[in-house]
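Worksheet for the structure shown next.
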Amino acid sequence: MNELQPRIVIFDWDGTLMDSTGHIVASVQAAVRELGWVEPDAEAVRSVIGLSLDRALETVMPEPSPTAVQAFQQAYRRYYLDPGVHEGDLFPGVDSLLEDLAGAGIWAAVATGKGRAGLDRVMGKLAVSGHFVTSRCADEARSKPHPQMLEDILDYTGLEPADALMVGDTTFDLDMARSLRMPAIGVTGGAHPAERLRQSQPLALLDRVADLRSCLSALKVDAD
Numbered sequence: 342m343n344e345l346q347p348r349i350v351i352f353d354w355d356g357t358l359m360d361s362t363g364h365i366v367a368s369v370q371a372a373v374r375e376l377g378w379v380e381p382d383a384e385a386v387r388s389v390i391g392l393s394l395d396r397a398l399e400t401v402m403p404e405p406s407p408t409a410v411q412a413f414q415q416a417y418r419r420y421y422l423d424p425g426v427h428e429g430d431l432f433p434g435v436d437s438l439l440e441d442l443a444g445a446g447i448w449a450a451v452a453t454g455k456g457r458a459g460l461d462r463v464m465g466k467l468a469v470s471g472h473f474v475t476s477r478c479a480d481e482a483r484s485k486p487h488p489q490m491l492e493d494i495l496d497y498t499g500l501e502p503a504d505a506l507m508v509g510d511t512t513f514d515l516d517m518a519r520s521l522r523m524p525a526i527g528v529t530g531g532a533h534p535a536e537r538l539r540q541s542q543p544l545a546l547l548d549r550v551a552d553l554r555s556c557l558s559a560l561k562v563d564a565d
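Per this note's numbering: the sequence shown ends with 565, consecutive numbering throughout.
Structure, rendered in structure tokens:
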């Protein structure tokens, strides 16, 4: 067994770095109500957070038409971006975690179900863009759990899956890492509960993403 020493940590965004799950659920439900569809309960919405919007819509409509997808995306974004509603904050300790990783010479990146415009907007608003060497979004790659986002980040950085660590709050995050044999850690404070995350066999589960730095040295991975 070897000590886990990643050269890059790839984070999911919503529910992992940013406490935005509740706002996403409310925005999806509001958009569905506006369109006159059957409103999903909060648990059903949380179960698909992390997917691209068109994939998530399949839980509301089994075979959504292109027109329905477009209407849902427009309504959802209007509610999500409502300036009168607080979008969410970074989880406590995220800034310090990112600074600690940088100080240890470990890159950070993001692989998210958000679109590019949404990620750039919130990163700029929170002044954290400089912490990340690169990022990949749902409108630039196939939806999670397909591993294209991770593959693109590895191609950009010239690293191998064994050099990286995926950290996320959904099975979609963990499963896309597992398909590449990339180590992964789950965070239980986001969209998917701990019992569901365990099914994807992460190296560890954290209650808070801020605990990541202190747990790295305690983790072991199988040597190739």
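All C-beta atoms, glycine included, are put in the ideal place defined by N, C-alpha and C.
In this structure the segment 453–468 lies against the segment 385–398, because at least three pairs of beta carbons, one per stretch, are closer than 8 Å.
Counting the other CB atoms within 10 Å of its CB gives P407 a total below 16, which places it among the exposed residues.
In this structure M507 is not in contact with D496, their Cβ atoms being roughly 16 Å apart against a cut-off of 8 Å.
W448 is bridged by DSSP to I349.
Collapsing the DSSP output to three states places A545 in a strand.
Judged by their CB atoms, D353 and I365 are not nearer to each other than the 8 Å cut-off. With fewer than 16 other Cβ atoms from the protein chains shown falling within 10 Å of its own Cβ, G499 counts as exposed.
The segment 409–418 makes contact with the segment 374–388, as at least three CB pairs between them are under 8 Å. Per DSSP, R522 lies in no beta strand (DSSP E) and is assigned neither H nor E. Going by C-alpha positions, A416 is about 24 Å away from T511. The Cβ atoms of G363 and A551 lie no closer than 8 Å to each other.
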